[in-house]
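Input: a single structure, listed below in structure tokens.
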Amino acid sequence: MQEPLFGSVDEVVERLAGAGYLASTAVATTVFLADRLGKPLLVEGPAGVGKTELARALATATGSELVRLQCYEGIDESRALYEWNHAKQLLRITAARDEAWTDTRDHVFSEEFLLPRPLLTAIRNPEPTVLLVDETDKADVEVEGLLLEVLGDFQVTVPELGTITASRRPFVVLTSNATRELSEALKRRCLFLHLDFPPAELERDIVTLRVPGLDGRLADALVRVVGALREMDLRKAPSIAESVDWARTLLALGAEALDEEIVQTTLGVILKYRSDQRKASAELRLERVLDSAVS
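So, in structure tokens, the structure goes:
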């Protein structure tokens, strides 16, 4: 058995907060159980709710190395697991014309010519590691099969070298924006955590933690406006990171309060599509939103 990273749920909350991530009890409990049970953690939710940031904070809080596999359509085994350095192999073969092929073959398929990719890198790392498989839903179904094989036993078979087994199991976080359903087999092997945009009180705490110079009343108003924007039918709702960016923007501009002018001139910080900006300009009732903040 491997020494657990956390001693209690409260310790998860405390150490993640020290890494700049304010976790709810539900989030901290799921992280604690994933650590104790040695299971991958599948974090699902809309873009911008802090799924990737949770993995980063876990790495910081535990002093682990963060190894990230960014998934995309068309990613294959050679980009996720390992590949051979073909250019270097060719040079070695060319330089060994007088050698027997069996000797050359054994050499070119050795560690010297192996290029480990994120999955193999995480498995071989003897130090504490957080393996982030980001946006798993963007990868093809075949990659899910590869993940099942690798994450099931935390080992990789390289035909030319044999089976490589993890000497220290990484803490695995898989994220998904739910653009497609992941397989039941993959979900069955993971603990599941759904993240949504935080309630206003928690988002205010996040913003003031990340932007400590921001006035409390301005932080309240900012969170209220962001919440109102998320309730609109936008192409992309503002993320938590964009709330923080907006807070830094207001601080840099020396804004003391939110008014129509400052909102309109800084909309590009939180809304990244022109259609969303037009909708916000037409439908946002700033006075009503701010009045609700006061009441």
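All residue numbers for the sequence shown refer to full-length UniProt numbering, where the first residue is 1 and numbers rise by one.
C-beta: ideal position from N, C-alpha, C; glycine also.
Bear in mind that the values here come from a model prediction, so they are computed numbers and not experimental data.
Among residues of its own chain, excluding the 5 on either side of residue i, which ones have a beta-carbon nearer than 7 angstroms to its beta-carbon?
| i | result |
| --- | --- |
| Ala-122 | Val-67, Thr-129, Leu-131 and Pro-170 |
| Val-211 | Val-244, Ala-247, Arg-248 and Leu-251 |
| Arg-79 | Arg-117 |
| Gly-213 | Leu-251 |
| Arg-56 | Leu-66 |
| Leu-151 | Pro-40, Val-172 and Arg-189 |
| residue 357 | Given a span of 1 to 295 for the chain in the structure shown, any question on residue 357 remains unanswerable. |
| Asp-35 | Pro-4, Leu-5, Phe-6 and Phe-171 |
According to the neighbour-count rule (16 or more other Cβ atoms, all chains shown, within 10 Å of its Cβ), is residue i buried or exposed?
| i | result |
| --- | --- |
| Ala-252 | exposed |
| Ser-183 | exposed |
| Ala-23 | buried |
| Pro-238 | buried |
| Arg-224 | buried |
| Tyr-21 | buried |
| Thr-30 | buried |
| Gly-50 | buried |
| Thr-94 | exposed |
| Thr-52 | buried |
| Thr-62 | buried |
| Leu-90 | exposed |
Checking the sheet assignment: what are the DSSP bridge partners for residue i?
| i | result |
| --- | --- |
| Pro-116 | Tyr-82 |
| residue 324 | Here the chain comprises residues numbered 1 to 295, so residue 324 is not present and cannot be evaluated. |
| Phe-192 | Leu-42 |
| Ser-24 | Ser-24 is not bridged to any residue. |
| Thr-175 | Val-43 |
| Val-133 | Leu-69 and Leu-174 |
Only counting the same chain, and skipping five residues up and downstream in sequence, which positions put a Cβ closer than 8 angstroms to that of residue i?
| i | result |
| --- | --- |
| Asp-153 | Thr-165 |
| Glu-260 | Leu-286 |
| Leu-161 | Phe-109, Ser-110, Glu-111 and Leu-114 |
| Asp-215 | Glu-256 |
| Gly-268 | Gln-277 |
| Thr-37 | It is worth fixing the name first, because residue 37 is Leu in this sequence and not Thr. So the qualifying residues of the chain are Leu-191. |
| Thr-163 | Gln-155, Val-156 and Thr-157 |
| Val-263 | Val-225, Leu-284 and Leu-286 |
Suppose the cutoff is 6 angstroms on Cβ atoms and the five residues either side in sequence are ignored; what does the same chain contact list for residue i look like?
| i | result |
| --- | --- |
| Phe-115 | With the sequence shown as reference, residue 115 is identified as Leu, and Phe is not the correct amino acid for it. Here the set comprises Glu-83 and Asn-85. |
| Val-294 | Because the pLDDT of Val-294 is 45, which lies under 50, any placement of that residue in the model is unreliable, and the question is left without a value. |
| Asn-125 | none |
| Val-133 | Leu-69 and Leu-174 |
| Leu-58 | Val-130 |
| Thr-266 | Thr-249 |
Given a cut-off of 9 angstroms on the beta-carbon distance, is the pair residue i and residue j in contact?
| i | j | result |
| --- | --- | --- |
| Val-172 | Pro-4 | no |
| Ile-75 | Asp-140 | yes |
| Arg-189 | Leu-218 | no |
| Ala-28 | Val-13 | yes |
| Arg-117 | Leu-69 | yes |
| Arg-235 | Ser-275 | yes |
| Glu-135 | Cys-71 | yes |
| Glu-73 | Lys-138 | yes |
| Glu-201 | Val-226 | no |
| Leu-195 | Gly-18 | no |
| Leu-284 | Leu-222 | no |
| His-107 | Arg-92 | yes |
| Leu-65 | Glu-127 | It is Glu, not Leu, that sits at residue 65 in the sequence shown. Contact flag set, yes. |
| Leu-146 | Leu-120 | no |
| Leu-193 | Ala-87 | no |
Report back the beta-carbon spacing between residue i and residue j to the nearest angstrom; my notes put them in contact at under 8 angstroms.
| i | j | result |
| --- | --- | --- |
| Gly-48 | Glu-256 | With 8 angstroms as the limit, Gly-48 and Glu-256 do not qualify as a contact, their Cβ atoms being about 27 angstroms apart. |
| Val-156 | Leu-81 | 6 angstroms |
| Leu-258 | Leu-290 | 7 angstroms |
| Glu-144 | Leu-191 | Rounded, the Cβ-Cβ distance is 17 angstroms, inconsistent with contact. |
| Pro-198 | Ile-206 | 7 angstroms |
| Ala-282 | Leu-271 | Not really, about 13 angstroms apart at Cβ, beyond 8 angstroms. |
| Arg-105 | Gln-2 | Between Gln-2 and Arg-105 the Cβ distance is about 37 angstroms, and since that is not below 8 angstroms, they are no contact. |
Does residue i have its Cβ less than 9 angstroms from a Cβ in chain B?
| i | result |
| --- | --- |
| Val-223 | No chain B is part of this structure, which consists of one protein chain only. |
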